[in-house]
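The listed protein sequences derive, respectively, from chains A and B.
When we follow this note's numbering, the leftmost residue of the first sequence carries the number 0, and every step to the right adds one.
When we follow this note's numbering, the leftmost residue of the second sequence carries the number 236, and every step to the right adds one.
What follows is a short report on a single structure.
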Amino acid sequence: MTFYSKILGAASGLAIACTGMAAQAETLFWSTQAKPVEEAQAMREQVLGGFEAGVDYQPNDGGPWLTRLNAELQAGSGTIGVLGALHGDFSAMNPDDLVDLSDMGVMSASGTFNDLAKLGTDSMQYIPWMQASYIMAANKDALQYLPDGADINALTYDQLIQWAANAHEAAGEPKFGFPAGPKGLKHRFFQGYLYPSYTNGVVRTFASDEAVGAWEAFRKLWEHTNPASTNFSFMQEQLLSGDAWIVFDHTSRLAQAFNERPDDFVAFPAPAGPTGRGFMPVLAGVAIPKTAPDMDAAKSLVEYMLKPETQIATLRATNFFPVVDVALPEDLPPSVKAAGDAVAKMSGSADANPGLLPAGLGDKGGDFNRVFVDSFERIVLAGQDIRMVLDDQKGKLAAIMEETGAPCWAPDAPSEGACPVE
Amino acid sequence: MTSVTTDVAAPDARKAGKFVYVTAVVLLCAWVLVPIYFLLINTLSSPDTVNSFPKPFWPEFDLGSLTFFAGFAGMLTALKNSILVAGMTMIMSIVIGAPAGYALSRFDFRGKELFRLLILLTRAFPLPLLALPLAVMFIQTGLDDTVFGLALVHTTLAIPFAVLITFSLFSGIPIELEEAAWTLGCTRLTAFTKVVLPLILPGITASAIFAFVISWNEVFAAAVLTIENRTLTAFLLQNLDTSPLHLKFAGGFILVVPALIFIFAVRKYLFAMWGIANR
Numbered sequence: 000m001t002f003y004s005k006i007l008g009a010a011s012g013l014a015i016a017c018t019g020m021a022a023q024a025e026t027l028f029w030s031t032q033a034k035p036v037e038e039a040q041a042m043r044e045q046v047l048g049g050f051e052a053g054v055d056y057q058p059n060d061g062g063p064w065l066t067r068l069n070a071e072l073q074a075g076s077g078t079i080g081v082l083g084a085l086h087g088d089f090s091a092m093n094p095d096d097l098v099d100l101s102d103m104g105v106m107s108a109s110g111t112f113n114d115l116a117k118l119g120t121d122s123m124q125y126i127p128w129m130q131a132s133y134i135m136a137a138n139k140d141a142l143q144y145l146p147d148g149a150d151i152n153a154l155t156y157d158q159l160i161q162w163a164a165n166a167h168e169a170a171g172e173p174k175f176g177f178p179a180g181p182k183g184l185k186h187r188f189f190q191g192y193l194y195p196s197y198t199n200g201v202v203r204t205f206a207s208d209e210a211v212g213a214w215e216a217f218r219k220l221w222e223h224t225n226p227a228s229t230n231f232s233f234m235q236e237q238l239l240s241g242d243a244w245i246v247f248d249h250t251s252r253l254a255q256a257f258n259e260r261p262d263d264f265v266a267f268p269a270p271a272g273p274t275g276r277g278f279m280p281v282l283a284g285v286a287i288p289k290t291a292p293d294m295d296a297a298k299s300l301v302e303y304m305l306k307p308e309t310q311i312a313t314l315r316a317t318n319f320f321p322v323v324d325v326a327l328p329e330d331l332p333p334s335v336k337a338a339g340d341a342v343a344k345m346s347g348s349a350d351a352n353p354g355l356l357p358a359g360l361g362d363k364g365g366d367f368n369r370v371f372v373d374s375f376e377r378i379v380l381a382g383q384d385i386r387m388v389l390d391d392q393k394g395k396l397a398a399i400m401e402e403t404g405a406p407c408w409a410p411d412a413p414s415e416g417a418c419p420v421e
Numbered sequence: 236m237t238s239v240t241t242d243v244a245a246p247d248a249r250k251a252g253k254f255v256y257v258t259a260v261v262l263l264c265a266w267v268l269v270p271i272y273f274l275l276i277n278t279l280s281s282p283d284t285v286n287s288f289p290k291p292f293w294p295e296f297d298l299g300s301l302t303f304f305a306g307f308a309g310m311l312t313a314l315k316n317s318i319l320v321a322g323m324t325m326i327m328s329i330v331i332g333a334p335a336g337y338a339l340s341r342f343d344f345r346g347k348e349l350f351r352l353l354i355l356l357t358r359a360f361p362l363p364l365l366a367l368p369l370a371v372m373f374i375q376t377g378l379d380d381t382v383f384g385l386a387l388v389h390t391t392l393a394i395p396f397a398v399l400i401t402f403s404l405f406s407g408i409p410i411e412l413e414e415a416a417w418t419l420g421c422t423r424l425t426a427f428t429k430v431v432l433p434l435i436l437p438g439i440t441a442s443a444i445f446a447f448v449i450s451w452n453e454v455f456a457a458a459v460l461t462i463e464n465r466t467l468t469a470f471l472l473q474n475l476d477t478s479p480l481h482l483k484f485a486g487g488f489i490l491v492v493p494a495l496i497f498i499f500a501v502r503k504y505l506f507a508m509w510g511i512a513n514r
């Protein structure tokens, strides 16, 4: 009988332990950003510590983030006060589920960002929160292999391929690194960098002759790319370990390399192709779900996030740049300086061809990315004929555009109605 | 002639057999221990060493990564929640699963085979699919964000194992033992508690360990159904995959150690169960 009494004792003890759950007073900040433990810690201590009412900052994977949010919306009551996520996460949501933030009186300094934040409606569905971009980085040891006459701050794709080839020859193994792993952001390279640089478009020009040229160039680059790249998702790791000398990635996914060994690496703009230097911003925003338990606290937290001091603290914590006009202080971490310089040179270059984030795709954003990832896998990894693959994938892309009715975004020429795949 | 050859061959065969046996044991141990050892080394190394290659064989006892987690807000609460949830899952899955296993092995009833099949069905649906309706229901009933609510979900996941393990355990104990106890003055209940229970206690411990490990490792439901009362796995695992390498190792180490300690503590019951299975 002692066995039963033990079980009963333990069960009642546990039951008592779990009844004493206090109601929360802090605003719950439910985020998909600043997920790495160090960034989450910095968000809690340095960024949100100054918000007097208290914030519970919880970064999550996309799946649980969305599931929890949908559950609260369906149940009609919730605990989430403020949402933090990428533009793509918000555009996949029903705008009605988000509180209209137009009358908040805060917004980003960029008109483009503010328009994106309307999610196709007339009012602000989220407030732009922070921005980043994708850049190139290299080990300083690799600089000696730069082709003759190449300026690292104004590279072309041909020069990059030559550089990677030289490094390949010198090292005896391919030293270009590309984030083609499961969590890597490879699709953004094709959508925001390769296609705009070669075809001056993304959707309209998807299967054009110029696109065939773009993929041919990327195939050449792949010959000098570390084949383990299909397993790389955060190029800072390969920079630090020396598995890759020249890499492309998201600024915050390169930060650790610059912060740990600032003197060993250099950041520089993405290369240019025949139609300019394509590049793409990353935009994160804050929003309030309609089920927020304390609307006033949530709104004041959103306001707090847009304050210049908070924006600078966020920059230090996450390597995402402010979206409001702020004077950046001198003592920023090395990663911020390096990335900031590279982005400034990229957007300030004479041949800059800035693209926008895909807009209007709703919950088809993942399928849209899939088209580019599948094309990459078939053309580059499986070695299939480029023309055949593009003609094949073109149908899928056209179906997505027609289904969502999304109009073209830069650098594609504007369209009336759904963006056509030409 | 034959006797000579066997005399010569036998020690050889025995030696070879022993060699194969020892090699197999060493390989199996290495299979488990080497990854854990590398986890330990990298946990106790500085970021530079973690990123370098080849790795040193001895840890350099740099506590930087572990110190970071010591200051990470909410770690201890999450650890406490994990232990609470795993403990409740363990108890509930045994309290519910063991009687079901007993019934399956001792009684004939209509739909018995169907029941055995259905009980496996709880594992047939992926949690990301179930999590949304579950979370909606939990929010409406007030179970949301409680340790008990999450333990209920984990219990559902653990019950098939509890039922099937206890079913085979009860089936291994002859009904005659119970019948003998009845003739000697036991009621059905006392026969069970005095005769059968002591025999299968080790087996019950084993299915409890299963339940513990299932609960400890579960991330998705924990991440969706709890907010304030996160389990350690939900709290850490989601953030680790995007963290720098040295913190990945340290975080992984922190996740593995409590489970290892638990299994180490109850290991003698496990071996006892294998003893029963052999009989």
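Each residue gets a CB set at the ideal place from its N, CA and C atoms; glycine is no exception.
No experiment lies behind these values; they were computed from the predicted model shown.
task = Examine chain B for any beta-carbon lying closer than 7 Å to the beta-carbon of THR250(A), and answer yes or no.
result = Taking CB atoms only, THR250(A) has no neighbour in chain B less than 7 Å away.
ask   = Below 7 Å between beta carbons: does that hold for VAL246(A) and VAL81(A)?
value = Taking 7 Å as the Cβ cut-off, VAL246(A) and VAL81(A) do not qualify as a contacting pair.
ask   = Looking at the structure shown, is LYS253(B) part of a helix, part of a strand, or coil, going by DSSP?
value = In this structure, LYS253(B) counts as helix in the three-state DSSP scheme.
key: Residues of the segment 484-497 of chain B whose Cβ lies closer than 8 Å to any Cβ of chain A, in chain order   = Answer in chain order: GLY486.
inquiry  = Tell me the residue span of the beta strand (DSSP E) that contains PHE247(A).
reply    = First-last of the beta strand (DSSP E) with PHE247(A): 245-249.
key: Test: ALA137(A) CB closer than 7 Å to a CB of chain B   = Not one beta carbon of chain B lies nearer than 7 Å to the beta carbon of ALA137(A).
request  = Report the three-state DSSP secondary structure of ILE408(B) (helix, strand or coil).
outcome  = Correct three-state label for ILE408(B): coil.
request  = Check each residue of the segment 54-69 of chain A: if its Cβ is closer than 7 Å to any Cβ of chain B, include it; give the result in chain order.
outcome  = Residues passing the 7 Å Cβ filter: GLN57, PRO58, ASN59, ASP60, GLY62, PRO63, THR66, ARG67, ASN69.
query = Near LEU184(A), what residues of its chain come up, given a Cβ to Cβ distance below 6 Å and the 5 sequence neighbours on each side ignored?
reply = In the same chain as LEU184(A), and ignoring 5 residues on each side of it, the C-beta atoms closer than 6 Å to its own belong to PRO178, HIS249, in chain order.
request  = From the DSSP output, in three-state form, read off TRP218(A) for me.
outcome  = Note that residue 218(A) corresponds to Arg in the displayed sequence, not to Trp. In this structure, ARG218(A) counts as helix in the three-state DSSP scheme.
task = Select from ILE439(B), ASP379(B), PRO409(B) the residue whose C-alpha is nearest the C-alpha of ILE462(B).
result = Closest option to ILE462(B), Cα to Cα, is ASP379(B).
inquiry  = Please report whether the beta-carbon of ARG43(A) lies at a distance below 7 Å from any beta-carbon of chain B.
reply    = Interface with chain B (7 Å Cβ-Cβ cutoff): ARG43(A) is included.
message = I need the straight-line Cα distance from LEU314(A) to THR466(B), nearest angstrom please.
response = The alpha-carbon atoms of LEU314(A) and THR466(B) are separated by roughly 29 Å.
inquiry  = Please state the DSSP three-state secondary structure of ALA21(A).
reply    = Its pLDDT being 40, under 50, ALA21(A) is placed unreliably by the model, and nothing is read from it.
ask   = Which residues of chain B have a Cβ atom closer than 9 Å to the Cβ of ALA74(A), listed in chain order?
value = Residues of chain B passing the Cβ test: ALA370, VAL371, MET372, PHE373, ILE374, GLN375, ASP379.
key: Beta-carbon separation (whole angstroms), SER300(B) vs ALA485(B), contact threshold 8 Å   = With a contact defined as Cβ atoms closer than 8 Å, SER300(B) and ALA485(B) qualify at about 4 Å.
ask   = Taking the alpha-carbon positions, what's the LEU239(A) to ASN277(B) distance?
value = Rounded to whole angstroms, LEU239(A) to ASN277(B) spans 16 Å at the Cα level.
inquiry  = For a quick check, are the C-beta atoms of LYS336(A) and ASN152(A) less than 7 Å apart?
reply    = No, these two residues do not count as a Cβ contact at 7 Å.
ask   = Between ALA24(A), THR26(A), THR31(A), which lies nearest to THR317(A) when the distance is taken from Cα to Cα?
value = Taking the Cα of THR317(A) as reference, the smallest distance to any Cα among ALA24(A), THR26(A), THR31(A) is reached at THR31(A).
ask   = Where ALA271(A) and SER478(B) are concerned, what is the direct C-alpha to C-alpha distance, given to the nearest angstrom?
value = Straight-line Cα distance between these residues: approximately 31 Å.
query = Whose C-alpha, out of VAL454(B), THR428(B), ALA494(B), GLY438(B), is nearest the C-alpha of PHE447(B)?
reply = Of the listed residues, the one whose Cα sits closest to PHE447(B) is ALA494(B).
request  = Examine chain B for any beta-carbon lying closer than 7 Å to the beta-carbon of ALA39(A), and answer yes or no.
outcome  = Any Cβ of chain B closer than 7 Å to the Cβ of ALA39(A) would place that residue at the interface, and such an atom is present.
key: Chain-order list of residues whose beta-carbon lies under 7 Å from that of ARG43(A) (same chain, five-residue window excluded)   = In the same chain as ARG43(A), and ignoring 5 residues on each side of it, the C-beta atoms closer than 7 Å to its own belong to TYR56, in chain order.
request  = Alpha carbon to alpha carbon, how far is ALA33(A) from THR18(A)? Give it in angstroms, no decimals.
outcome  = The predicted model places THR18(A) with a pLDDT of 40, which falls under 50 and marks its position as unreliable; any figure quoted below should be read in that light. Answer to the nearest angstrom: the Cα atoms are 32 Å apart.
ask   = DSSP on MET123(A), reduced to helix/strand/coil?
value = Of the three classes helix, strand and coil, the one that applies to MET123(A) here is coil, per DSSP.
task = Quickly, what does DSSP pair ASP55(A) with across the bridge? List them, please.
result = Its beta-bridge partners are LEU27(A).
key: Backbone secondary structure at MET372(B) - three-state DSSP   = For MET372(B), the three-state secondary structure derived from DSSP is helix.
ask   = Looking at chain D, which residues of the segment 250-266 of chain A have a Cβ within less than 7 Å of any of its Cβ atoms?
value = Included in the structure are the protein chains A and B, with no chain D among them.
inquiry  = Counting beta carbon pairs with one atom in the segment 387-407 of chain A and one in the segment 360-375 of chain A, are three or more of them shorter than 8 Å?
reply    = The answer is yes - the segment 387-407 of chain A touches the segment 360-375 of chain A, with three or more Cβ pairs under 8 Å.
inquiry  = In the DSSP output, which residue or residues are listed as bridge partners for ARG276(A)?
reply    = ALA351(A).
query = Under 7 Å between the Cβ atoms of ILE385(A) and TRP214(A)?
reply = Cβ atoms of ILE385(A) and TRP214(A): closer than 7 Å.
request  = Mind the definition here: the segment 299-313 of chain A touches the segment 248-261 of chain B only if three or more C-beta pairs lie below 8 Å; say whether that holds.
outcome  = Contact fails: fewer than three Cβ-Cβ distances are below 8 Å.
query = Is the CB of THR78(A) under 7 Å away from at least one CB in chain B?
reply = With 7 Å as the cut-off, THR78(A) counts as an interface residue toward chain B.
message = Just verifying my parser: in three-state terms, what is the DSSP assignment at ILE134(A)?
response = Strand.
Closer than 8 Å at the beta carbon, the chain B residues around VAL36(A) = Listed along chain B, the residues sitting closer than 8 Å to VAL36(A) by beta-carbon distance are PHE303, PHE304, PHE307, LEU471, ASN474, LEU475, SER478, LEU482, GLY486.
inquiry  = Would SER240(A) pass as an interface residue toward chain B - the criterion being a Cβ-Cβ separation below 7 Å?
reply    = At least one C-beta of chain B is nearer than 7 Å to the C-beta of SER240(A).
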